[in-house]
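Here's the structure, in structure tokens; my notes come after.
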Amino acid sequence: MRGLNFKIIISFLGLTSMLNGTFMLFAVPFSMYYGETEKWGILQAGLTTIAIGFILWFFNRNAKKNLGKKEGYLIVTLGWLMLTVTGTLPYVFTNAIPIYTNAFFETLSGYSTTGSSILTDIESMPKGILFWRSATHWIGGMGIIVLTVAILPLLGIGGMQLFMAEAPGPSADKMHPRITETAKRLWLIYFILTFTEFFLLKIAGMTWFDAINHAMATMSTGGFSTKNASIAHYDSFPIIQYIIIIFMFIAGANFVLTYFALKGKIRKVFKSEEFKYYFFGTIGVTLLITYLIVNYQDSSLQTSLQHAYTWGETENAFRHAAFSVVSVLTTTGFVSADFTMWNSMVTAIIFSLFFIGGSAGSTSGGIKVVRHIIMIKSSFYEFKKLLHPNAIIPVRYDGGSVPKTIIYNILSFFVLYMLIFIVSSLLLTFFGLDFLSAMGAAASSLGNIGPAVGSVSPVDNFAHLTIPAKWFCSFLMLIGRLELFTVLILLTPFFWRKN
């Protein structure tokens, strides 16, 4: 029997805080370049965060290096909260978001890559603050926990427990047998893809500042934009929207498969069942919505965005359909058009995508495609068992048999996910939202998506939510980002028992 190693937990939180403060300092040059007085507030926030982290780490640096699963779960959850609490400081110190509830909501929305915002005039915000806002996406996208795993061996700490707690999906694929090398390669791919998109967006017509912010938001599947109208601002630049569609799709795919693709192993990519469903499903739903937009658009409905939209143009309809499908499916949350202003069937189809999610091993949120595949196969397995009760019929995925423990885990996850969605929708009505908006806010926050339906539609935001509703949505964003179990297990009494 042993108790929790709290010293190593606090030490890690200190390390996390120091890294977070260092990232804050990267926003200072942007603020200086644009001659903003907010640079001093951002600098103060960064130095304060580093100082807090150093104190926590220094007084616990000699802690025993034993790290178990319980410590891993605590470090990931508390680490995310540490990121959020310290991440609010640039907003607070510069008075960019003076109300702390709003600052906390915006920060956690960034780190969780949800993209829901309380800002009503984004373009009036200081550039240094906008860069930091996008940086919270980029840090949270791959997970600062994975980044830190790469340097934990230098401290004599194994990182597998942290990696499993940070990425608790059903896929156990790794690019390299050593977890440290996996973390390093994940971040290298992440950085290369971000820089590539930044370069292409700059060539396509974005300013360098907008390009770097949108590249960070895309690869993290976050969705924070520097424009009030999001990507609809670039409706006259179709190439920009197509570039973002492609990189959103890549970000929503398993990064292990992206690694194989970059090495030229394309066949291995298309051997993945999840990728095939993800790829062909995206194409199929896009074509269906394009057809519905072109042929069944309600004549009384007008797009809320201030850009010309000719419904008869197949390319135009296809582009906005593809953008909306990929944005929601990958839980990025960028907006090129208000999908709630198309016909009701399209809105229903897109809302159903809120419960799909991207691929396991990606930066996207949601339930994940692989879980749906295994649940469907498991259902057919039960039909077969009814006809042949004595037969041994395994559930197969990617050519292998899926252990029953994984099937039970996936079914439990799905039931818990839907139960939380239903209860959350009811609670949000108690906090002042109408039922449609409550469903949208609950699905969006839990799935880390961003824009939803009702009063939180793609042309609205979360500023009008009551304070209790914002805190509750923040909680949903946290548990959604860490895939439920990582956070909720901390609320169980048996977690705290000595074993």
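Every letter in the sequence shown is one number past the one before it in the numbering used here, and letter 181, counting from 1, is 1519.
Just so it is clear, CB atoms sit at the ideal spot from N, CA and C, and this is done for glycine as well.
What you are looking at is a predicted structure, and each value in this text was computed from that prediction instead of being measured.
Given Q1579, which residues of its chain have a CB within under 7 Å of its CB, disregarding the five upstream and five downstream residues? Here residue 1579 is taken as the residue at index 241 of the sequence shown, counted from 1. Counting only Cβ-Cβ distances below 7 Å, and skipping sequence neighbours, we find I1569, Y1572, R1657, F1661 and S1674.
With the cut-off set at 8 Å, would you say F1469 and N1592 are in Cβ contact? Here residue 1469 refers to the residue found at position 131 when the sequence shown is read from its first residue. Here residue 1592 refers to the residue found at position 254 when the sequence shown is read from its first residue. No; because the gap between Cβ atoms is not below 8 Å, this pair is not in contact.
What is the rounded straight-line gap between the Cα of V1664 and the Cα of L1357? Walking along the sequence shown from the start, residue 1664 turns up at place 326. Walking along the sequence shown from the start, residue 1357 turns up at place 19. Approximately 32 Å between the Cα atoms of the pair.
Within 8 Å, do at least three Cβ pairs link the stretch 1730–1744 to the stretch 1594–1601? no
Which runs of the alpha helix (DSSP H) at least 4 residues long sit entirely within the stretch 1556–1591? Give them in chain order. 1576–1589
Indicate the three-state DSSP secondary structure (helix, strand or coil) for G1622 in the structure shown. Sequence index remark: in the sequence shown, residue 1622 carries index 284 (1-based). Three-state DSSP puts G1622 in a helix.
Start-to-end residues for the alpha helix (DSSP H) that takes in F1800: Numbered from its first residue, the sequence shown carries residue 1800 at position 462. Counting along the chain, F1800 falls outside any alpha helix (DSSP H), and DSSP gives it neither H nor E.
Are F1759 and R1709 close, meaning C-beta to C-beta below 8 Å? Within the sequence shown, the letter at position 421 stands for residue 1759. Within the sequence shown, the letter at position 371 stands for residue 1709. No, the pair does not count as a contact, with Cβ atoms beyond the cut-off.
Would you report the Cα separation of V1666 and F1587, rounded to the nearest angstrom? Along the sequence shown, read from residue 1 onward, the residue named residue 1666 stands at position 328. Along the sequence shown, read from residue 1 onward, the residue named residue 1587 stands at position 249. The alpha-carbon atoms of V1666 and F1587 are separated by roughly 10 Å.
Assign S1750 to buried or exposed, taking buried as 16 or more other Cβ atoms, counted over all protein chains shown, within 10 Å of its Cβ. For this step, residue 1750 is matched to residue 412 along the sequence shown. When all chains shown are included, S1750 counts as exposed.
Cβ neighbours of G1778 in the same chain (closer than 7 Å, five flanking residues each side left out): In the sequence shown, counting from the first residue as 1, residue 1778 sits at position 440. A1790, V1791, G1792 and V1794.
Can you tell me the Cβ-Cβ gap for S1450 and G1425, rounded? I've got them flagged as a contact below 8 Å. Residue mapping note: residue 1450 aligns to position 112 of the sequence shown, counting from 1. Residue mapping note: residue 1425 aligns to position 87 of the sequence shown, counting from 1. The Cβ separation is near 11 Å, so there is no contact.
Near A1383, which residues of its chain fall below 7 Å by C-beta distance, leaving aside the five closest residues on each side in sequence? The residue labelled residue 1383 in the question sits at position 45 within the sequence shown. For A1383, where only same-chain residues beyond five positions count, the Cβ hits under 7 Å are M1362, L1427, P1428 and F1431.
Reduced DSSP category for S1665 - H, G, I as helix; E, B as strand; rest coil: To locate residue 1665, count along the sequence shown from 1; it is residue 327. If DSSP states are grouped into helix, strand and coil, S1665 belongs with the helices.
Same chain, Cβ closer than 8 Å to M1564, neighbours up to 5 away in sequence not counted: One-based indexing of the sequence shown puts residue 1564 at position 226. In the sequence under discussion, the amino acid at residue 1564 is Thr, which differs from the Met named in the question. The residues are I1460, E1461, L1468, S1472, F1547, D1548, N1551 and H1552.
Sub-8 Å separation of G1590 and T1628 beta-carbons: Counting from 1 along the sequence shown, the entry for residue 1590 is found at position 252. Counting from 1 along the sequence shown, the entry for residue 1628 is found at position 290. Result no, Cβ atoms of G1590 and T1628 do not sit closer than 8 Å.
Nearest neighbour of I1388, chosen from K1808, N1404, S1355 and L1820 [CA to CA]: Reading the sequence shown from its first residue, position 50 is the one you call residue 1388. Among K1808, N1404, S1355 and L1820, the Cα nearest to that of I1388 is on S1355.
Taking I1413 and I1347 to be in contact with their CB atoms under 8 Å, please state how far apart those CB atoms are, rounded to whole angstroms. The count along the sequence shown starts at 1 and reaches residue 1413 at position 75. The count along the sequence shown starts at 1 and reaches residue 1347 at position 9. Between I1347 and I1413 the Cβ distance is about 6 Å, and since that is below 8 Å, they are a contact.
Distance check for S1775 and I1714, CA to CA, integer angstroms please. For the purposes of this step, residue 1714 is taken as residue 376 along the sequence shown, with counting starting at 1. For the purposes of this step, residue 1775 is taken as residue 437 along the sequence shown, with counting starting at 1. Whole-angstrom Cα-Cα distance: 29 Å.
Please work out which residues of its chain come closer than 7 Å, Cβ to Cβ, to S1411, disregarding the five sequence neighbours upstream and downstream, and give them in chain order. Position 73 of the sequence shown, counted from the start, is the residue given in the question as residue 1411. In the sequence under discussion, the amino acid at residue 1411 is Tyr, which differs from the Ser named in the question. Cβ within range, chain order: A1503, T1824, I1827 and L1828.
Does DSSP put I1817 in a helix, a strand or coil? Here the question's residue 1817 lines up with position 479 in the sequence shown. The answer is helix: DSSP assigns I1817 an H, G or I state.
Just list the residues that DSSP pairs R1835 with in beta bridges. Along the sequence shown, one-based indexing puts residue 1835 at 497. Answer is none; R1835 lacks a bridge partner.
Which of helix, strand or coil DSSP assigns to R1399: Taking the first residue of the sequence shown as 1, we reach residue 1399 at position 61. R1399 falls in the coil class under three-state DSSP.
Per DSSP, what are the beta-bridge partners of R1734 in this structure? Taking the sequence shown and counting its residues from 1, one reaches residue 1734 at position 396. According to DSSP, which records beta bridges pairwise, R1734 is partnered with S1739.
Less than 8 Å separating the beta-carbons of G1703 and F1562? Start at 1 with the first residue of the sequence shown, and residue 1703 comes out as number 365. Start at 1 with the first residue of the sequence shown, and residue 1562 comes out as number 224. Not closer than 8 Å, so no.
In terms of residues, what are the limits of the alpha helix (DSSP H) holding N1358? Position 20 of the sequence shown, counted from the first residue, corresponds to residue 1358. Per DSSP, N1358 belongs to the alpha helix (DSSP H) from F1344 to L1363.
Chain-order list of residues whose beta-carbon lies under 7 Å from that of E1611 (same chain, five-residue window excluded): Counting from 1 along the sequence shown, the entry for residue 1611 is found at position 273. Around E1611: I1711, Y1735 and D1736.
With DSSP collapsed to three states, give me the class of M1463. Here the question's residue 1463 lines up with position 125 in the sequence shown. Here M1463 sits in coil by DSSP.
Taking the Cβ atom as the reference point for each residue, do K1836 and G1481 lie within a distance shorter than 8 Å? Working through the sequence shown from its first residue, we reach residue 1836 at position 498. Working through the sequence shown from its first residue, we reach residue 1481 at position 143. Their beta carbons are not under 8 Å apart, which means K1836 does not touch G1481 by this criterion.
Tell me the rounded alpha-carbon separation between T1743 and E1720. Working through the sequence shown from its first residue, we reach residue 1743 at position 405. Working through the sequence shown from its first residue, we reach residue 1720 at position 382. T1743 and E1720: Cα-Cα distance of roughly 16 Å.
Return helix, strand or coil for I1550, following the three-state DSSP convention. The residue given as residue 1550 occupies position 212 in the sequence shown. Of the three classes helix, strand and coil, the one that applies to I1550 here is helix, per DSSP.
By how many angstroms is the C-alpha of V1623 removed from the C-alpha of F1689? Walking along the sequence shown from the start, residue 1689 turns up at place 351. Walking along the sequence shown from the start, residue 1623 turns up at place 285. About 12 Å.
Which stretch, first to last residue, makes up the alpha helix (DSSP H) that contains T1840? In the structure as shown, the chain starts at 1339 and stops at 1837, and residue 1840 therefore has no counterpart that could be examined.
On the criterion of 16 or more Cβ atoms from any shown chain inside 10 Å, does K1706 qualify as buried, or is it exposed? What you label residue 1706 is simply residue 368 of the sequence shown in a count that begins at 1. With 16 or more other Cβ atoms within 10 Å, it is buried.
Going straight from the alpha carbon of F1536 to that of T1670, what length do you get? Position 198 of the sequence shown, counted from the start, is the residue given in the question as residue 1536. Position 332 of the sequence shown, counted from the start, is the residue given in the question as residue 1670. Cα to Cα, F1536 sits roughly 17 Å from T1670.
Roughly how many angstroms lie between the CA atoms of M1554 and P1831, to the nearest whole one? Start at 1 with the first residue of the sequence shown, and residue 1554 comes out as number 216. Start at 1 with the first residue of the sequence shown, and residue 1831 comes out as number 493. About 39 Å.
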